[in-house]
Structure formats: C-alpha cells, structure tokens
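In full-length UniProt numbering, the protein residues as written are 1 to 198.
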C-alpha cells in the first residue's frame, strides 16, 4: 500500500550516504537516468552499499546516442560554445566495448554481473516538430539560453542532425512532413550484491 512507501531525495553519486540507507534495500531500479551521472564509480560503490546482501539492481541507461554527437559539434560553434559543457555527454559515449568498461566498474564495486550488455535501439519521431519538442524538453543547454536564442539554436541543432549518420531525417509518404530516427546504444544491466560480503 502507499502507506508503506517512503520517498527520499538523494544524489546517488554523493560521497556521503544517510547511514540508515546502508544495507537497506532489496532492489534498485534505474531507467534512462545514469547517463547523466558523472561520478560513475562512486555511484556503483553507493549502490553496492545501500543494497542488502543478496540484493540486486536492474539498470538501463544510454551508452551512446547520436544526440551527443550533436552536442559535441554544437560546442564548436562560437555562438553555442559558451553554453556547452562536457558533462552533457554520457560517460561511455564513444568508448569501444563500453559493456566491458562498465562490467569492470561494477566488479570493482563488488557486484556480480549477471547481465551487462549493450543493445542497439531507435528513437522514432513521426515528424520534425515532435523531434524538436522532445529535444527542447530534455536538452540541458536550452534552459541556459536566452529565450530569444532558442529558435536559432534549434535550427542549428536540426542542421547538425541532418549531417549525422546516426540520425535519419527523411520525407515519408511524399508529404511535407519529415520523420526522424535516432540510433542509440542502451546498457541493460542486472547485477547482484553477493550474499556473503568480504
């Protein structure tokens, strides 16, 4: 029941955890979030600490995405460079064998990896307008822009998207609307804290 649910806000990459969280959870679930976290090693150390022995976690998050290539290209534009930051790029973006790198991190934190793989996925947008609206909703640079610059930024963003092989913008059904497809790689992880620790 809802009465048994308690909510707490926590930065999972923090150096300090509330003492009552340690060994306090049977399961951890995280979906499409951990690619925003810079301190990956600290994050997995913390997840290990808060899980009970025998506890497990199921994670999905971006390994790479064509969108990050747009961020990198936009950072070269003198107009947008002041707003661009490296921390907007997923930590594993551009790595060869990111699943091996992640598995190494998880094992260093003490986890037994049951599944650590990268799947090819596709975001599909039925038209350019829905793509633009989605970008505006999640792009970390846009809140830092002066409101009068957002439209120009988005025009440049779409221009960059058109030049990438990981993003397809094409006319469908011979009408004026263009659909957009974004290839990305998704981590799927299931890991366990051993029953006996030490």
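Think of the CB as a built atom: it goes at the ideal place given N, C-alpha and C, for glycine as much as any other residue.
The Cβ atoms of residue 157 and residue 65 do not sit closer than 8 Å to each other. For residue 190, the closest alpha carbon among the candidates 23, 73 and 118 is that of 118. In the three-state reduction of the DSSP assignment, residue 102 falls in the helix class, which pools H, G and I. Residue 145 has its alpha-carbon roughly 7 Å from the corresponding atom of residue 83.
With 16 or more other Cβ atoms inside 10 Å of its own Cβ, residue 109 counts as buried. In the assembly as shown, residue 172 is an exposed residue. Its beta-carbon has fewer than 16 other beta-carbons within 10 Å.
Between residue 140 and residue 68, the CB-CB gap reaches or exceeds 8 Å. Residue 56 has 27 and 192 as its beta-bridge partners, per DSSP. Sequence-distant partners of residue 188 (beyond 5 residues in either direction) whose C-beta falls short of 7 Å from its own C-beta, in its chain, are 60, 115, 117 and 119. For residue 160, there is no enclosing beta strand (DSSP E); the residue is part of the alpha helix (DSSP H) that begins and ends at 150 to 162. Around the CB of residue 29, fewer than 16 other CB atoms lie within 10 Å, so the residue is classed as exposed. Each residue's CA atom was taken as its position, placing residue 167 and residue 160 some 10 Å apart.
From the listed residues 41, 21, 195 and 7, the smallest Cα separation to residue 101 is found for 41. A residue is called buried once 16 or more other Cβ atoms fall within 10 Å of its Cβ, and residue 133, having fewer, is exposed.
The alpha-carbon of residue 127 is positioned some 43 Å away from that of residue 112. Nearest Cα to residue 33 within the set 24, 12 and 26: 12.
When beta bridges are read from the DSSP output, residue 63 appears opposite no residue. Counting along the chain, the unbroken alpha helix (DSSP H) around residue 131 starts and ends at 128 to 138. In the same chain as residue 52, and ignoring 5 residues on each side of it, the C-beta atoms closer than 8 Å to its own belong to 23, 24, 25, 26 and 193, in chain order. For residue 41, the enclosing alpha helix (DSSP H) has its first and last residue at 40 to 50. The continuous beta strand (DSSP E) containing residue 118 extends over residues 112 to 125.
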